[in-house]
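Only one structure is covered here, and it is reproduced in the block below.
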Amino acid sequence: MLILDGLKLEQDGFSISADFGVDAGNKVAIIGPSGAGKSTLLNGIAGFLEPAAGRVLWKGADLGGTTPGDRPMSMIFQDNNLFPHLSVYQNVAIGVQPSLRLSGAETDLVRQALDRVELGGMAERKPAQLSGGQQSRVALARVLARARPLLLLDEPFAALGPALRVGMLDLVAELVEMTGATLLMVTHDPGDAQRIADQTVFVDAGVANGPVNTTQLLSDPPAGMRDYLGV
Amino acid sequence: MIRYWPGLLVASLVGALTLGTLGAVAWRAPIWGGLGSEDWGAIRFTLLQAVMSAVISVALAVPVARALARRSFPGKPVLVTLLGASFILPVIVAVLGLLAIFGRNGLLSTALGWVGLPPVQIYGLHGVVLAHVFFNMPLATRMILQGWLSMPAERFRLAASLGFGSRDTARLLEWPMLCTVLPGTAMVIFVICATSFAVALALGGGPKATTVELAIYQAFRFDFDLGKAALLGVVQFAICAVAAAVMFRVHVPESTGGGLDRAVARWDVHTPVLRGLDMTWIGFATIFLLLPLGMVLLAGLPGLVNLPGSVAGAAARSISVALVSAGLTVLAALSMAVAIQGLRVRRVSKVIEGIGYLSIAASPLVIGTGMFIVIFPFANPVALALPVTALVNVAMSLPFALRAIVPALTEVEGRFGHLADSLSLTGWARLRWLYLPRLRRPLGFSAGLAAALSMGDLGVIALFSDPKAATLPLQLYQLMAAYRMQEAAGVALILLVLSLAVFWLFDRGGG
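Just so you know, the sequences run in chain order U and L. Residues 1 to 231 in my numbering are what the first sequence lists, from first letter to last. Residues 1001 to 1511 in my numbering are what the second sequence lists, from first letter to last.
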């Protein structure tokens, strides 16, 4: 499991602390007002930000000091998930081998991942030749091909329209179920949380509160959460 | 996520090349007080011509930039590109073109002769200033134009809605903008003119019109007085260091960016008088720039049939110097940019950046003299004339390359840095799959600039020259000095075409 052990992160004079664990295979949403530090928390777990205190552990091993690429996780950002100068195939393959020199088996892996997101026929295209939804699916294909046990999403698919975004979230849920990966997703939309997350972490006033059942949290919100939801 | 030691190494080498050579020079220099009245004359002349060149260039550039900023006309993109091209023009070629107009037998003197006036005298202070204005007025125009175009369009819309006339706009909007742009522009031109050598070599000379750079050359070449050359080198560096220190404090506007051919929407300038005024300035700038180049072309074409046999060898040497210098500049600038952008210790990255811009203040002749002093005990410096020329031009191109590459790299890291980190794109993979593809434009521009500057460089090569292994600019200068003007015109045309071609090829290669 993923354990945030007395974790404290500081960025630009503001700090957020978290002290909880997430069981392997769980789907967890991280919600809270903008500026509360949701993305900071995710960046700390991903290794873009060194903790001011505490540790991030995966399966008992301290991830401190390991680079983002060496951590057992894939990440999808708000935007800029694809390199515009690389083809669809290369954009997926670079997640498997940064040198882009793939073995036969690795090439097959990339092809299968592209087929899985129904982009097998567009491998040679550049991202600019794809629709927004197709671009997001390329990023998901890379997540699949990398097959890391943790998936971090930072307000993903924000550029897509509502229907497309919901469809993409369902695809994420499907892929995560299929691979048994653990999902952490930052969102500002309680609807997203309800849609795919069993558990939800509520971030408020510099503290990330441990995950609780999403449906329960939304039906009986604590005080800070009520202000956020406006109920 | 990528190694910083290449940048640190390059920065140390560049530091050694600029500061180290100065140290070598200073070490050989006699104690202060060795400056004779001639040397003081050279210092005075250097400052005088640099101030005059800067002031006149800027004064002419303001109305031209204003006209370009508020008018659209066919051919404007070409003119704006042409303004940028003057920077990569070989100095000695432009001098030849200016002589064809302002020289003793030039167009202007001939025209004056028709009305019974004596020919104009181009050699001396006004010739030097004229050539410097020819080179730097376009640069100043682009910098000032950038200032105009970076003013938010809303401000002019607001001015129009408040009923401002063109005078009000000038006083309340344009003047404050100029106040921030002009000092930096003038300082850049001052520094360029204070270190100018080829112009002074061709059009100056004599006790009244010798710059410090030229005096270094003469002390070195004619008297082989290393001590004197060294002392003057220290003086030259001091002048530039003071100017550079000032320059770091004022805002230096960009001149190399694209998009300079748009026009600002204005509601206060549609009177026939203002339109006529603007078109007059644009016409003046076009003629001032194109006429000398047209003369090079006109005189050069017949000269092509009568070229000296050594031209092919000189061209080959110039091209190799240009290619080596382009390659090294890109390598050096990219590794320094990576270190400047990525190093967490801000103080170290600032030092590297400072070293990169240091060569603006360094004088090629000081570097050359210093290298001569360093090389002399071990090898024959004349045999190393070409590598030294390439190296000096790398140092001279670095500030411009860094100005193009560092902001682009910062943008790439901002957009794709986290993604690349999360995919373990480190070292070679990051360079190959992220930096090179995304930095093609600034890298191509830097390579082109370095290639063109080295191709046309008449500086260190004149110091070390081996008559049997001349480069094109040196050969051109030798032909001019021997008054073999027809051959000179042919060589000038070849040099001009080659310089523009290498720049164009590299810049295009960058996409």
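No residue lacks a Cβ here, since even glycine has one placed at the ideal position from N, Cα and C.
Own chain residues within Cβ distance below 8 Å of residue i, not counting five before or after
| i | result |
| --- | --- |
| V1412 of chain L | L1434, Y1435, R1438, L1439 |
| F113 of chain U | The question names Phe, but residue 113 of chain U is Ala in the sequence shown. Cβ neighbours of A113 of chain U beyond the five flanking positions: V92, A141, R142, L144, A145. |
| G1227 of chain L | R1028, A1029, P1030, G1034 |
| P1253 of chain L | M1143, I1144, Q1146, G1147, V1181, G1184, T1185 |
| W1504 of chain L | G1448 |
| V1250 of chain L | P1183, G1184, M1187 |
| I1352 of chain L | G1007, L1008, A1011, M1336, A1339, I1340, L1343 |
| N1306 of chain L | Q1486, E1487, G1490 |
| G120 of chain U | R111, L114 |
Identity of the residue in the options nearest residue i by Cα
| i | options | result |
| --- | --- | --- |
| V207 of chain U | U:S17, U:D5, U:L7 | U:S17 |
| I1355 of chain L | L:A1241, L:A1316, L:V1324 | L:A1241 |
| P1118 of chain L | L:F1102, L:L1125, L:G1127, L:G1036 | L:F1102 |
| T1011 of chain L | L:E1174, L:K1350, L:V1234, L:D1168 | The sequence shown places Ala at residue 1011 of chain L, not Thr. Considering only alpha carbons, the answer is L:K1350. |
| N26 of chain U | U:D227, U:E174, U:D220 | U:E174 |
| D198 of chain U | U:T182, U:Y228, U:A205 | U:T182 |
| F1248 of chain L | L:I1144, L:M1187, L:V1115, L:E1487 | L:M1187 |
| V1055 of chain L | L:I1405, L:A1316, L:S1446, L:F1134 | L:F1134 |
| L1443 of chain L | L:S1397, L:W1428, L:K1468 | L:S1397 |
| G1303 of chain L | L:V1392, L:E1487, L:L1214, L:V1388 | L:E1487 |
| Q90 of chain U | U:M122, U:V172, U:P221, U:M73 | U:M122 |
| R1071 of chain L | L:Q1049, L:A1059, L:D1268 | L:D1268 |
| P149 of chain U | U:M168, U:P72, U:R116, U:A158 | U:P72 |
| P1292 of chain L | L:G1075, L:T1471, L:A1361, L:V1091 | L:V1091 |
| L57 of chain U | U:L86, U:I3, U:P84, U:R137 | U:I3 |
| F1416 of chain L | U:F14, U:N81, U:V22 | U:N81 |
| V1264 of chain L | L:R1066, L:R1171, L:L1172 | L:R1066 |
| R1275 of chain L | L:A1501, L:Q1218, L:L1068 | L:L1068 |
| L1277 of chain L | L:G1106, L:T1210, L:V1062 | L:V1062 |
Contacts around residue i, its chain only, beta-carbon distance under 6 Å, and the 5 residues preceding and following it disregarded
| i | result |
| --- | --- |
| G1459 of chain L | F1197, P1364 |
| V1064 of chain L | T1141, W1281, A1285 |
| Y228 of chain U | P33 |
| S1109 of chain L | P1119, V1120 |
| I1122 of chain L | F1102, G1103 |
| A1470 of chain L | A1314 |
| N1393 of chain L | S1325, L1453, S1454, D1457 |
Close Cβ partners of residue i (< 7 Å) along its chain, the five nearest in sequence each way excluded
| i | result |
| --- | --- |
| L41 of chain U | L9, I16, A18, I30, V203, A208 |
| A1024 of chain L | G1370, I1373, V1374 |
| A1492 of chain L | V1093, L1096, V1296, G1300, L1476 |
| S1053 of chain L | V1129, H1132, V1133, N1136, I1189, C1193 |
| T214 of chain U | A29, A193, Q194, A197, D198, Q199, T200 |
| L1289 of chain L | L1082, S1086, P1138 |
| A159 of chain U | D79, G132 |
| I1360 of chain L | V1191, A1244, P1399 |
| R1266 of chain L | R1070, F1156 |
Residue i - partner residues in DSSP beta bridges
| i | result |
| --- | --- |
| M75 of chain U | U:L152 |
| I30 of chain U | U:V186, U:V201 |
| S15 of chain U | U:E10 |
| R55 of chain U | U:D5 |
| F1506 of chain L | DSSP output for F1506 of chain L lists no bridge partner at all. |
| F20 of chain U | U:L4 |
| A1111 of chain L | Looking at the DSSP assignment, A1111 of chain L forms no beta bridge with any residue, so it has no partner. |
| D62 of chain U | U:L57 |
| V207 of chain U | U:S17, U:D204 |
| N213 of chain U | U:Q199 |
| G1205 of chain L | L:A1209 |
Residue i beta carbon near the ligand GDP (any heavy atom closer than 8 Å)
| i | result |
| --- | --- |
| G1075 of chain L | Only the bare structure without any ligand can be found here, which leaves the ligand GDP out of the picture. |
Length at least 3, wholly inside the stretch 1074-1101 of chain L: the beta strand (DSSP E) runs in chain order: none
Unbroken alpha helix (DSSP H) runs of length 4 or more, entirely within the stretch 1224-1309 of chain L: which are they? Whole alpha helix (DSSP H) segments, 4+ residues: 1226-1249, 1272-1303.
Taking 8 Å as the cut-off, does the stretch 1319-1338 of chain L touch the stretch 1414-1428 of chain L (at least 3 CB pairs, one atom from each stretch)? no
Jot down the residue ranges of each uninterrupted alpha helix (DSSP H) in the stretch 1417-1501 of chain L, minimum 4 residues, whole runs only, in chain order. 1427-1430, 1440-1455, 1460-1464, 1472-1481
Say whether the stretch 1164-1176 of chain L touches the stretch 1211-1228 of chain L, bearing in mind that this needs 3 or more beta-carbon pairs closer than 8 Å, one atom from each stretch. In short, these stretches do not touch, since the Cβ pair count stays below three.
Are at least three pairs of beta-carbons, each pair with one atom in the stretch 117-128 of chain U and one in the stretch 60-69 of chain U, less than 8 Å apart? no
Contact between the stretch 1064-1079 of chain L and the stretch 1478-1494 of chain L: three or more CB pairs below 8 Å? Look at the beta carbons and you see the stretch 1064-1079 of chain L not touching the stretch 1478-1494 of chain L: under three pairs across the two are nearer than 8 Å.
Quick test of the definition: if touching needs 3 or more C-beta pairs under 8 Å, does the stretch 97-105 of chain U touch the stretch 130-138 of chain U? Cβ pair count under 8 Å is below three, so no.
Between the stretch 1147-1159 of chain L and the stretch 1082-1098 of chain L, do at least 3 Cβ pairs fall closer than 8 Å? no
Indicate whether the contact test is met: 3 or more Cβ pairs, each with one atom in the stretch 1232-1240 of chain L and one in the stretch 1119-1134 of chain L, closer than 8 Å. no
Mind pulling the alpha helix (DSSP H) runs of 4 or more residues that sit fully within the stretch 70-133 of chain U? 88-93, 104-116
Determine, using beta-carbon pairs with one atom in the stretch 66-79 of chain U and one in the stretch 150-162 of chain U, whether at least three such pairs fall under 8 Å. yes
What are the uninterrupted segments assigned as alpha helix (DSSP H) that are 4 or more residues long and contained completely in the stretch 1103-1177 of chain L, given in chain order? 1107-1114, 1125-1149, 1153-1161, 1166-1169
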